[in-house]
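Engineer: Note that our numbering gives residue 473 to position 298 of the sequence shown, counting from 1, and the numbers run on in steps of one. Shown below is the structure under consideration.
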Amino acid sequence: MHAILLIPHNCSQFHLGETGLADCSDLLHSDTLFSALANVYEFALSGAKTFIDLFLNDKLTFSPGLFTMLKKGSQEPPLLFFPKPAVTYSNVTDRKHHKSIKFLSQGVMDEFRKSFDAQKCVSNLDLTSWPLIGNEFLCLADELGRNPEAFRNRSFLGFITTPKIKVHTTIQDNDRLYHETTLKFNSFSVNGEKYEGAYCVLLKADLTVGERQEFFAALRIMADEGIGGQRSSGKGQFREIREVDIDIPCSEQAATYLGLSIVSPANGDEFDALERYELFVRGGGSLGWRGEAEKHRKQARFVKEGSVMRRNIAGTILNVSPDIGDGLILRNGKNFAIPI
């Protein structure tokens, strides 16, 4: 499967909104990436409608920015991580350890497929039996080389929360203090090798030569402009956009699928295809500095990454524009799934 690596600078920070300034998403959600690229198309290329039509006509879809670990100066393929599937795990020996695991490497996903009972939506895999990067990224020992336990106290990312003060505001003085959380990418060394983190975006595309050239031009502009919040202070930028091919099963005849992106089912039939899932709210946020309620984006419930579905549903793009105003604001709820 074709993929794009979005490689940040060392110590780069990203503010990817979740529920407020004090919260920050870890994954680069597919709707965030969709909105960033639509803005680039609108202001620098042939217009946002051109980009949106690629999605509506099923010529382009992509996953969220999945975490991947790279070995600096090496041609080895990236170590890609998937969201932990939201299934029942019947063989858990350490529940606290199991709960801390959020992402599974490609090797662990292969073992998961072997242990998965599609009819019961149950896995007998004990996820606590393999080494971790930090506390959240589970790998096979072979994927980390010699001394895999050395990665337990290392990680290519972390969260930073800093206090800030609102200066140009009409609110009361005692409400000026707030906190902001950002995601920070780090490089680290183990066994004399240097590693770094990046986002990996999986692509399904059927583009003409011109459409493809414009899409990658938009990616390069986005890398320089940044993504997420606080871009004016240097956050959200990438140093490199790299194309890679990753060996991922893509059969359309599987009994179950793992949803990699957030999803908004297009109708009741698609919603019924979901077997295991978790809902969360996206949207909201003021469009003006005064924060008038009528100028807030509408909120919508989405299915989180890691959902399990009986078939590969399409999903839909939602209109979250406020009732007052002329602008059109869309949020990407198209599905991107791989077979389990």
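Glycine included, every Cβ here is placed at the ideal spot set by N, Cα and C.
With a threshold of 16 other CB atoms inside 10 Å of the CB of Leu235, please say whether the residue is buried or exposed.
Structural biologist: Locating residue 235 in the sequence shown gives position 60, where the first residue counts as 1. By the 10 Å Cβ count, Leu235 comes out buried.
Engineer: Which parts of the region 236-270 are runs of the beta strand (DSSP E), unbroken and 3 residues or longer, counting only runs that do not cross its ends?
Structural biologist: Runs found: 241-246, 254-258.
Engineer: Check this for me: beta carbons of Asn322 and Asn361, under 8 Å apart or not?
Structural biologist: As a first step, residue 322 must be located in the sequence shown, where it is residue number 147. As a first step, residue 361 must be located in the sequence shown, where it is residue number 186. No; because the gap between Cβ atoms is not below 8 Å, this pair is not in contact.
Engineer: Answer with buried or exposed for Leu245, where buried requires no fewer than 16 other C-beta atoms within 10 angstroms of its C-beta.
Structural biologist: Residue numbering aside, residue 245 sits at position 70 when the sequence shown is read from its first letter. Counting Cβ neighbours within 10 Å, Leu245 comes out buried, since at least 16 surround it.
Engineer: Please classify Tyr432 as buried or exposed, where buried requires at least 16 neighbouring CB atoms within 10 angstroms.
Structural biologist: Mapped onto the sequence shown, residue 432 falls at position 257. It counts as buried.
Engineer: Around the Cβ of Ile340, are there at least 16 other Cβ atoms within 10 angstroms (buried) or fewer (exposed)?
Structural biologist: Against the sequence shown, residue 340 aligns to sequence position 165. That one is exposed.
Engineer: Three Cβ pairs or more, each shorter than 8 Å: is that satisfied between the region 486-502 and the region 393-402?
Structural biologist: By the C-beta criterion, the region 486-502 is judged not to be in contact with the region 393-402, since fewer than 3 inter-stretch pairs fall below 8 Å.
Engineer: For Leu382, which option in Asn214, Val376, Tyr374, Phe391 has the closest C-alpha, if you only look at C-alpha atoms?
Structural biologist: Taking the first residue of the sequence shown as 1, we reach residue 382 at position 207. Nearest C-alpha to Leu382: Phe391.
Engineer: Roughly how many whole angstroms lie between the Cα atoms of Ser280 and Ser330?
Structural biologist: Your numbering for residue 280 matches position 105 in the sequence shown. Your numbering for residue 330 matches position 155 in the sequence shown. Taking the straight line joining both Cα atoms gives about 14 Å.
Engineer: Classify Val283 as helix, strand or coil using the three-state DSSP reduction.
Structural biologist: Locating residue 283 in the sequence shown gives position 108, counting from the first residue. In the structure shown, Val283 sits in a helix (DSSP, three-state: H, G or I).
Engineer: Check the C-beta distance from Phe237 over to Leu208 and give it rounded, since I have them as a contact under 8 Å.
Structural biologist: Position 62 of the sequence shown, counting from 1, holds the residue named residue 237. Position 33 of the sequence shown, counting from 1, holds the residue named residue 208. Confirmed, Cβ separation roughly 7 Å.
Engineer: Within 10 Å of its beta-carbon, does Val438 have 16 or more other beta-carbons around it, so buried, or fewer, so exposed?
Structural biologist: Counting from one through the sequence shown, the residue named residue 438 turns up at place 263. With 16 or more other Cβ atoms within 10 Å, it is buried.
Engineer: Candidates Ala197, Arg485, Leu191, Ile182: which alpha carbon is nearest Pro338's?
Structural biologist: Position 163 of the sequence shown, counted from the first residue, corresponds to residue 338. Closest option to Pro338, Cα to Cα, is Ala197.
Engineer: Following the continuous alpha helix (DSSP H) through Leu319, name the residue where it begins and the one where it ends.
Structural biologist: Along the sequence shown, one-based indexing puts residue 319 at 144. Segment 316-319, the alpha helix (DSSP H) holding Leu319.
Engineer: Run through DSSP, which three-state label would Ser330 get?
Structural biologist: If you number the sequence shown from 1, residue 330 lands on position 155. In the structure shown, Ser330 sits in coil (DSSP, three-state: anything other than H, G, I, E or B).
Engineer: What is the rounded straight-line gap between the Cα of Arg485 and the Cα of Ser407?
Structural biologist: Your numbering for residue 485 matches position 310 in the sequence shown. Your numbering for residue 407 matches position 232 in the sequence shown. The alpha-carbon separation between Arg485 and Ser407 amounts to approximately 43 Å.
Engineer: Once the 5 residues before and after Lys359 are set aside, which same chain residues still bring their CB inside 6 Å of it?
Structural biologist: Here residue 359 refers to the residue found at position 184 when the sequence shown is read from its first residue. Excluding positions up to five away in sequence, the list reads Gln188, Gly333, Ile335.
Engineer: From the DSSP output, in three-state form, read off Pro323 for me.
Structural biologist: In the sequence shown, the residue the question calls residue 323 occupies position 148. It is helical.
Engineer: Starting from Phe511, trace the alpha helix (DSSP H) in both directions and tell me its first and last residue.
Structural biologist: Taking the first residue of the sequence shown as 1, we reach residue 511 at position 336. Unbroken run through Phe511: none, as it is neither H nor E.
Engineer: Which residue wins for smallest C-alpha separation from Lys274, given the options Lys295, Leu254, Asp301, Gly434?
Structural biologist: Counting from one through the sequence shown, the residue named residue 274 turns up at place 99. Selected option, being the one with the closest Cα: Asp301.
Engineer: As a quick exercise: from Val419, Phe413, Leu255, pick the residue whose alpha carbon is nearest that of Leu315.
Structural biologist: In the sequence shown, the residue the question calls residue 315 occupies position 140. Ranking the options by Cα distance to Leu315, first place goes to Leu255.
Engineer: Using only CA atoms, which one of Asn266, Gly372, Met284 lies nearest to Gly309?
Structural biologist: Reading the sequence shown from its first residue, position 134 is the one you call residue 309. Of the listed residues, the one whose Cα sits closest to Gly309 is Gly372.
Engineer: Can you tell me where the alpha helix (DSSP H) holding Ala213 begins and where it ends?
Structural biologist: By 1-based counting over the sequence shown, the position of residue 213 is 38. Boundaries of the alpha helix (DSSP H) around Ala213: 205-219.
Engineer: DSSP three-state call for Val384: helix, strand or coil?
Structural biologist: Looking up residue 384 in the sequence shown gives position 209. In the displayed model, Val384 falls within a helix according to three-state DSSP.
Engineer: Would a C-beta distance cut-off of 8 Å place Cys296 and Val483 closer than the cut-off?
Structural biologist: What you label residue 296 is simply residue 121 of the sequence shown in a count that begins at 1. What you label residue 483 is simply residue 308 of the sequence shown in a count that begins at 1. A contact, by the Cβ cut-off of 8 Å.
Engineer: Could you give the residue range of the beta strand (DSSP E) that holds Glu418?
Structural biologist: Taking the first residue of the sequence shown as 1, we reach residue 418 at position 243. Run containing Glu418: 413-420, per the beta strand (DSSP E) assignment.
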